[in-house]
Amino acid sequence: MGRHHHLEPTGESLAGAAQYMLEQQGEQWTDMRAAIFDVLAGFDKPASAYDIADLVSQNRGKRVAPNSVYRILDLFVKSNLATRVESANAYIANAHPGCVHDCIFLVCGQCGEATHIDDDTLTNMVRKMARDHGFSPQRPVMEVLGLCAKCV
């Protein structure tokens, strides 16, 4: 398969794509889900549930509990609208929610930026190695920690 590229929607078109994908899975696109997705998509690096809760609270003028944000983020991950960046304990909006593939993140240890790249050749090798060891891989997510070009 190798690398593949996507047209990446932004702003309202990204939120529209996310809403469409969620509704296609039988879920509702509520005002709170929209607010959380909009805030998440606005971050230029992975965001924690607490960061998202704080900003949504400011935008709405009332406190939003982080545990509510966590529940919605879990739904977004399950629905392929967001990805959890494990090493940062944070989330990033999926810029192409209609595409299901394995994720590779380059995570900067200095500024926290996470660059998402697609390389199915690499993730297919990981899947094959897992199967060769009797393991049934579900969805490999790879994170490479280091320094981005701006921080080197």
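In my numbering, the protein residues as written are 61 to 212.
Where a beta carbon is used, it is the ideal one built from N, C-alpha and C, also for glycine.
The structure displayed is predicted, hence computed values, not measured ones.
Residues sharing a beta bridge with residue 213, DSSP: No information on residue 213 is available, as it lies outside the stretch 61 to 212 that the chain covers here.
Cβ neighbour criterion (16 or more within 10 Å) applied to residue 157: Residue 157 counts as buried, since at least 16 other C-beta atoms from the protein chains shown sit within 10 angstroms of its C-beta.
Residue 195, buried or exposed, once every other Cβ within 10 Å from all chains shown has been counted against 16: exposed
Straight-line gap, residue 123 to residue 202 (C-alpha atoms, nearest Å): 34 Å
Three or more C-beta pairs below 8 Å linking the stretch 101 to 116 and the stretch 168 to 184: yes
Residues that residue 203 bridges to, as DSSP identifies them: 165
Terminal residues of the alpha helix (DSSP H) in which residue 109 lies: Its alpha helix (DSSP H) spans residues 109 to 120.
Alpha-carbon to alpha-carbon, residue 79 and residue 147: 27 Å
Residue 233 versus residue 183 - alpha carbon distance: Here the chain has residues from 61 to 212 only, and residue 233 is not among them.
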